[in-house]
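Enquirer: So that we are looking at the same thing, I have put the structure below in structure tokens.
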Amino acid sequence: SGHAGRVQALAWLPDDDRLLVSGGGSLLKIWDASAPEKPVLDLHLHSMVHGAAVTNSSVQLAAVALEDCTLRVVDLRIGRAVNTMQGHTRTPICVAWGGSMDKKLFSGGRDGTLRAWDPRMGARSLWCFDPYAHEKGQPALKTFDDESEPTQRNAFGKRTREELESLMALGSNNVQPFRLRTARSVFRSATSNCSAKAGNTSTGASKMVSDPVSSEMPCLAEISKAFREESSAEQLERPRHFLDPPRRQYQHEASSAHRGAVTAVVAPLRSSLDAKGPYNVLLSCGVDGKIRKWDAERGVPLGKRSAFDVESSMLERSLQIAAHGSPQDLCFVPEKSAVTAYCTRSGELLCRLEAHTSMVHCVEVLPGCSQVLSAGAGGGLISLKA
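In this note's numbering, the protein residues as written are 167 to 552.
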């Protein structure tokens, strides 16, 4: 077992098929695959690790996404952080190096944004990826001073009664597919129905004593049946694959790359025959069950088929995926206790690799797709032959 708990990230060191980095808890560990009994080095980061990535350049740098809403660049040669970057409004949970010469850093977080960074220039992000940037004829973005927005306030800076009533009327007509009924609401509605039935009974007290099953047990049965039917309907009709990311409305807003948290981001590896020239492809995955392809230098969708559906986890946790560029064009995605391989050109499911007995959370692939390394909730590392 490499870590005491959940393994959050895996990454091979550049130009080396023996040394790898793993992240879990508040530790970043360096391992020698030929002697996996104990780690070569432990780095304490004093904040929970959600994702990690190692650059493919000659400088051995690792980028780590932490619980405190920051990204830290760690120099593996000296074993300490050399730069801290911030910009996410919620915790970043995935990170990857990419772009020209692997000099840019990309991160996704629970705020739904996918951000580009240049660690050499400063601690702020360069831009946010926009899934609608390639569309023409988009409406102009609003500002705080836009007269079309209701800005009336009373003397205390609060909304007026008329504005509140209009907002309540508007909100009652909105459809919110992810807003599900809770068990408390089911029990409250069923209990109120039971109370109404008991109140309409003329001989309620005598019936409660003589036949308690007829008055109380049907209510519990109705509660259980309603809860089971609603839970099964929610699981069968969950429409996450059909929901697009929200569009920007204001200039100060950051564009959302996915609907919900961005759980994974990766720059596909390239074979030695295709290593020359720029390669600006980036893949991201979110809780909306989508893999999206991006132009890493412009932050816009790439190609006509820029997204395809996967059955990834819906939890807002780090989910490390792996990908290989042409000619393989493969993407490896953790799905429950298996690792699935997709074609990034067509989005077609190619195969499933099953070896774990618990949930798989991260996967890493060697150049040429000869070996796949996976880890999950059990804390162990498994090497698979692809």
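Beta carbons: idealized from backbone N, C-alpha and C, even for Gly.
In this structure, does DSSP put Glu382 in helix, strand or coil?
Expert: Start at 1 with the first residue of the sequence shown, and residue 382 comes out as number 216. Per-residue confidence for Glu382 stands at a pLDDT of 43, beneath the threshold of 50, marking its modelled position as unreliable; no derived number is given.
Enquirer: I'd like to check one pair, Pro467 with Pro297: are the Cβ atoms closer than 7 Å?
Expert: Position 131 of the sequence shown, counting from 1, holds the residue named residue 297. Position 301 of the sequence shown, counting from 1, holds the residue named residue 467. Against a cut-off of 7 Å, the Cβ pair of Pro467 and Pro297 comes out as a contact.
Enquirer: Tell me the DSSP secondary structure of Arg414 in three-state form.
Expert: One-based indexing of the sequence shown puts residue 414 at position 248. Coil, per DSSP.
Enquirer: Span of the beta strand (DSSP E) holding Tyr508?
Expert: Within the sequence shown, numbered from 1, the residue matching residue 508 stands at position 342. Start and end: Ala504 to Cys509.
Enquirer: Check each candidate in Arg414, Tyr508 and Arg406 and name the one with the smallest Cα separation from Gly426.
Expert: As a first step, residue 426 must be located in the sequence shown, where it is residue number 260. Among Arg414, Tyr508 and Arg406, the Cα nearest to that of Gly426 belongs to Arg406.
Enquirer: Could you check the C-alpha separation between Ser512 and Lys195 for me, to the nearest Å?
Expert: Residue 512 sits at position 346 when you count from the first residue of the sequence shown. Residue 195 sits at position 29 when you count from the first residue of the sequence shown. Cα-Cα distance, rounded: 36 Å.
Enquirer: Which residues does DSSP pair with Cys451 in a beta bridge?
Expert: By 1-based counting over the sequence shown, the position of residue 451 is 285. Cys451 is bridged to Ala430 and Ile457.
Enquirer: Quick one: Cα of Gly452 to Cα of Ala430, how far?
Expert: Here residue 452 refers to the residue found at position 286 when the sequence shown is read from its first residue. Here residue 430 refers to the residue found at position 264 when the sequence shown is read from its first residue. Distance between the alpha carbons of Gly452 and Ala430 is about 7 Å.
Enquirer: Could you tell me the distance, in whole angstroms, from the CA atom of Ala289 to the CA atom of Thr236?
Expert: Numbered from its first residue, the sequence shown carries residue 289 at position 123. Numbered from its first residue, the sequence shown carries residue 236 at position 70. For Ala289 and Thr236, the distance between alpha carbons rounds to 10 Å.
Enquirer: Could you check which residue in Leu532, Val220, Gly245 and Gln226 has the C-alpha nearest to that of Cys260?
Expert: Along the sequence shown, read from residue 1 onward, the residue named residue 260 stands at position 94. Ranking Leu532, Val220, Gly245 and Gln226 by Cα distance to Cys260 puts Val220 first.
Enquirer: State the Cα-Cα distance for the pair His527 and Ala543, rounded to the nearest angstrom.
Expert: Counting from 1 along the sequence shown, the entry for residue 527 is found at position 361. Counting from 1 along the sequence shown, the entry for residue 543 is found at position 377. Their backbone Cα atoms lie some 7 Å apart in a straight line.
Enquirer: Please go through the stretch 210-254 and give each complete beta strand (DSSP E) segment of 3 or more residues, from N-terminal end onward.
Expert: Within the stretch 210-254, the complete beta strand (DSSP E) runs of at least 3 residues are 215-220, 227-232, 236-241 and 246-252.
Enquirer: Run through DSSP, which three-state label would Phe474 get?
Expert: As a first step, residue 474 is located in the sequence shown; it is residue number 308 there, counting from the start. Phe474 falls in the strand class under three-state DSSP.
Enquirer: Buried or exposed: where does Leu280 fall if 16 or more other Cβ atoms within 10 Å of its Cβ makes it buried?
Expert: Taking the first residue of the sequence shown as position 1, residue 280 is located at position 114. Burial call: buried.
Enquirer: When the Cα atoms are used, what is the spatial distance from Leu519 to Val529?
Expert: Taking the sequence shown and counting its residues from 1, one reaches residue 519 at position 353. Taking the sequence shown and counting its residues from 1, one reaches residue 529 at position 363. Computed Cα separation, rounded: 11 Å.
Enquirer: Where does Arg406 sit, in a helix, a strand or coil, going by DSSP?
Expert: Within the sequence shown, numbered from 1, the residue matching residue 406 stands at position 240. In this structure, Arg406 counts as helix in the three-state DSSP scheme.
Enquirer: With distance defined between alpha-carbon atoms, name the residue in Ser479, Tyr416 and Val215 nearest to Ser192.
Expert: Numbered from its first residue, the sequence shown carries residue 192 at position 26. Of the candidates Ser479, Tyr416 and Val215, the one whose C-alpha sits nearest the C-alpha of Ser192 is Val215.
Enquirer: Closest Cβ-Cβ distance between Thr236 and chain C: below 7 Å?
Expert: Protein chain content of the structure displayed is limited to a single chain, and chain C is not contained in it.
Enquirer: Could you tell me which residues DSSP puts in a beta bridge with Gln304?
Expert: Taking the first residue of the sequence shown as position 1, residue 304 is located at position 138. DSSP lists no partner for Gln304.
Enquirer: Starting from Arg518, trace the beta strand (DSSP E) in both directions and tell me its first and last residue.
Expert: One-based indexing of the sequence shown puts residue 518 at position 352. Element bounds for Arg518: Leu515 to Glu520.
Enquirer: Give me whichever residues DSSP pairs with Val490 in a beta bridge.
Expert: Residue mapping note: residue 490 aligns to position 324 of the sequence shown, counting from 1. Reading off the sequence shown, one finds His at residue 490, where the question assumed Val. Paired residue(s): Leu435 and Leu496.
Enquirer: Can you have a look at Tyr508 and say buried or exposed, based on whether 16 or more other CB atoms are within 10 angstroms of its CB?
Expert: Position 342 of the sequence shown holds residue 508. Tyr508 should be labelled buried.
Enquirer: Return the first residue and the last residue of the beta strand (DSSP E) that Gly274 is part of.
Expert: Within the sequence shown, residue 274 is the residue found at index 108, counting from 1. That run of the beta strand (DSSP E) goes Lys270 to Gly275.
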